[in-house]
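To start, the structure itself, in structure tokens.
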Amino acid sequence: MHQSKAKITAIGSYVPEHIMTNQYLEKLVDTNDEWIISRTGIVERRIASEHEFTSDIGYNAVLDLMQRYNKAVDDVDMIITCTFTPDFKTPSSANLIQAKLGIKQSGAIDLNAACAGFTYGLHMANALISSGLHKKVLVIGAETLSKVTDYTDRSTCILFGDGGGAMLVEYDEQHPSFISYHLDSEGEKSHNLYCSGLSSSMNEEQLLATEKIVQNGREVYKWAVSSVPKGLNTLLQNANMTLDQIDWFVPHSANLRMIESICERTKFPIDHTLYSLVNYGNTSSATIPLAIDLAVKEDRIKKDDHLVLYGFGGGLTQAGIIIKWAI
Ligand code: COA
């Protein structure tokens, strides 16, 4: 494993004000609060306003980070916004966030790895800094999934919400945060979860709304509960660590039943698992930073705790990293 020289030095988050409850969804589609809670664990989710987009959410998450940790970001030299719901196809949401923050001379890119986006983003930040090329990287996971959710499809509209989280990653040779990583892609299964773009080739199989998320929930569920435990095992092996050395498991918050099943299969205690889905739903690339920030605010994560962050979903792709919390 390449020696990391990068440290996570601050975290922030933001969710839109408007709450969409399960009871409200009962008015839109044939569903009910009890079904949603028992099948997913989700109680409510946040919804961006008509004029609020991913760059606004990401920007607010960075402002929160700056205020809480007294951090300046004007010397940030790379902004990575992890999202599959950017404001525009171009410019990137990272470009827009850079402009809103007034940062000069920084790289700015969007990274699309759907629900695995944030862990990919942190992995990239570690690589850029540890290689010596960059010194200070902002990694933002932000989504406005409500804008690509089909509110006539009861199997998907109950799941998704909007929100964002941000972490600052800085050069620090003495106290690096990054221990190991594991990435994987199974593009041959991509038709099980997609959001239409320029090609309509996947729509031939399922003639559902275009520009909206289409999902074969059962197949994604089966894939996640079988492949994530295997990936987790590889991740631990890469770090030469065992599960009992991990203080907190932060899987992508898609569905509580899925998380329970992964914990059962890996024998990881569910009470040391962090998730953000109860009040925010599945916010794709934002679920992991939101879950960590909720735990940080509740003072549950301590300095030097070991965390497994494990993103998985659309692609189908997965990305896991082990970090040592250093704040
Ligand atoms: N309310 C009530 N009933 C619903 C419903 C809803 N919102 N959505 C589906 N149903 C019905 C189905 O029509 C089906 O009815 P039938 O038996 O009469 O055909 C029944 O509930 C069971 O459907 P199924 O799809 O097997 O449910 P499930 O237990 O697999 O739960 C998901 C559905 C979507 C919650 C679940 O598959 C899931 O969470 N998958 C993973 C999705 C995910 O995490 N994606 C993000 C990417 S990581």
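First residue of the sequence shown? That's 1361 in our numbering, and the numbers climb one at a time after it. Backbone N, C-alpha and C fix where the C-beta goes; we use that ideal spot for every residue, glycine too. Being a predicted model, the structure only gives us computed values, none of them experimental.
Relative to the non-hydrogen atoms of the ligand COA, the Cβ of GLY1673 comes within a distance shorter than 7 Å of at least one.
Between the alpha carbons of LYS1496 and ILE1440 lies a distance of about 11 Å. SER1560 is bridged by DSSP to nothing; it lacks a bridge partner.
Within the same chain, and ignoring the five residues on either side of THR1381 in sequence, the residues whose Cβ sits closer than 6 Å to its Cβ are GLU1404.
Comparing C-alpha distances from ASP1522 to each of GLN1678, GLY1418, LEU1669 shows the shortest one belongs to GLY1418.
Taking a contact as a CB-CB distance under 8 Å, the pair GLY1462 and MET1438 does not count as one, their CB atoms being some 16 Å apart. Short of 7 Å from the beta carbon of LEU1650, and not among the five residues preceding or following it, lie these beta carbons of its own chain, in chain order: SER1373, GLY1523, GLY1525, SER1636, TYR1640, THR1643. Distance from the C-beta of VAL1585 to the nearest heavy atom of the ligand COA is not below 7 Å.
Bridge partners of LYS1365 according to DSSP: none are assigned. GLY1547 and LEU1676 have their C-alpha atoms some 6 Å from each other. The alpha-carbon of THR1516 is positioned some 19 Å away from that of VAL1585. The beta carbon of MET1618 sits closer than 7 Å to at least one heavy atom of the ligand COA. In the three-state scheme derived from DSSP, where H, G and I count as helix and E and B as strand, THR1643 is classed as coil. Residues of the same chain with a CB within less than 6 Å of the CB of ASP1532, apart from the 5 flanking positions on each side, are LYS1367 in chain order. At a cut-off of 4 residues, the continuous stretches assigned as alpha helix (DSSP H) that sit fully inside the segment 1414-1475 are 1414-1429, 1453-1461. When secondary structure is reduced to three states using DSSP, GLN1534 falls in the coil class, being assigned neither helix nor strand. A residue is called buried once 16 or more other Cβ atoms fall within 10 Å of its Cβ, and HIS1483 is buried on that count. Secondary structure note for PRO1589: its alpha helix (DSSP H) is the uninterrupted segment 1577-1599.
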